[in-house]
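Read through the structure below, which is laid out as structure tokens, and then see the notes.
There are 2 protein chains.
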Amino acid sequence: MESAFAVIAEPNRRAILSLLISSQQSVGEIERRLRMPQPAVSKHLRVLRDAGFVESTVDAQRRLYRLRPEPFREVDAWLGQFRRIWSAHLDALERHLDRLHPSPPPRKTRKPRRKR
Amino acid sequence: MESAFAVIAEPNRRAILSLLISSQQSVGEIERRLRMPQPAVSKHLRVLRDAGFVESTVDAQRRLYRLRPEPFREVDAWLGQFRRIWSAHLDALERHLDRLHPSPPPRKTRKPRRKR
DNA sequence: CAGGCATATACTGATATAGGTATATAGCCT
DNA sequence: AGGCTATATACCTATATCAGTATATGCCTG
Numbered sequence: 020m021e022s023a024f025a026v027i028a029e030p031n032r033r034a035i036l037s038l039l040i041s042s043q044q045s046v047g048e049i050e051r052r053l054r055m056p057q058p059a060v061s062k063h064l065r066v067l068r069d070a071g072f073v074e075s076t077v078d079a080q081r082r083l084y085r086l087r088p089e090p091f092r093e094v095d096a097w098l099g100q101f102r103r104i105w106s107a108h109l110d111a112l113e114r115h116l117d118r119l120h121p122s123p124p125p126r127k128t129r130k131p132r133r134k135r
Numbered sequence: 020m021e022s023a024f025a026v027i028a029e030p031n032r033r034a035i036l037s038l039l040i041s042s043q044q045s046v047g048e049i050e051r052r053l054r055m056p057q058p059a060v061s062k063h064l065r066v067l068r069d070a071g072f073v074e075s076t077v078d079a080q081r082r083l084y085r086l087r088p089e090p091f092r093e094v095d096a097w098l099g100q101f102r103r104i105w106s107a108h109l110d111a112l113e114r115h116l117d118r119l120h121p122s123p124p125p126r127k128t129r130k131p132r133r134k135r
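Dropping the structure here:
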């Protein structure tokens, strides 16, 4: 599974993560709150743990799961590259810059054709 | 495919998106820069476009692709819920809060067992 | 220590998706 | 028109992954 991105691609896993924001939860609590079969919860938690999104501690027969920050930081860092794109409503400006800065200029051309 | 999260789960697609940060690119440019077979590029671009990550305009026989902000915002918004978790090195504090606030208290118990 | 609760794992089947190869479509240029 | 370039799509195969069901493990309580 590896990638943090692949891990959060799964809706149920995102739901589990959101649930853990308020506080740590046991498997059974997650099971009940998300109305999800227990093995499914355990399996998703396994994936989440392997990717570092959660950690667990033992409390008698139950395991309490809570969030860990690292993978979120990783995703956030990647997303950071794109912040400039959306932070403002620079759509128009962006487009303008793209026009100024087209990687190789659209092409050596006879008459400036610009199909739009 | 639907979900923006599923779309960015694919490494090649993330690479394409990163490539488009500098400026719009044609399919052929992406193909060359990422050393990726052309049909693969086209297919990923299709997915990216359907999810709103990119848009394209026609330039003669080529298509120029550029980024669009919305799906990034969506991902960022989801991630926002978790910012408090990692923004500081509150790991210790977090843990403290969890202990104060365990959803249902770990359980009605005889002697305060706390297996750690 | 026997039964039950909480959680994890094994196994199976269905479905989706990525990669590869071939081909179709469409615009450009001579 | 004919050939070339650029891109898209169809088709196939391999692989991964999710859901579901059954079962194993471990701890707790009477």
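Protein chains in written order, with this note's numbering: chain A, 20 to 135; chain B, 20 to 135. The beta-carbon is built from N, C-alpha and C at its ideal position, and this holds for glycine as well.
For Q44(B), the beta-bridge partners assigned by DSSP are Y84(B). Closest option to R103(A), judged by alpha-carbon separation, among A25(B), E21(B), I27(B), S37(B): S37(B). The C-beta of F72(A) comes no closer than 7 Å to any C-beta of chain B. Taken atom to atom, the span from the alpha-carbon of L86(A) to that of S75(A) is near 9 Å.
For I40(A), the C-beta contacts it makes with chain B under 9 Å involve Q100, F101, R103, I104, in order along the chain.
Leaving aside the five residues that flank P56(B) on each side, none in its chain has a CB nearer than 6 Å to its CB. For the stretch 84 to 98 of chain A, the set of residues with a beta-carbon nearer than 9 Å to any beta-carbon of chain B comprises R85, L86, R87, P88, E89, F91, R92, V94, D95, W97, L98, in chain order. For A25(B), the nearest beta carbon of chain A is closer than 7 Å to its own beta carbon.
When Cβ-Cβ separations below 7 Å define contact, A34(B) makes no contact with chain A. For S106(A), no beta strand (DSSP E) segment is defined; the enclosing uninterrupted segment is the alpha helix (DSSP H) at 102 to 106.
In summary, the residues of the stretch 42 to 75 of chain A whose CB is separated from some CB of chain B by less than 7 Å are S42, Q43, Q44, E48, in the order they occur in the chain.
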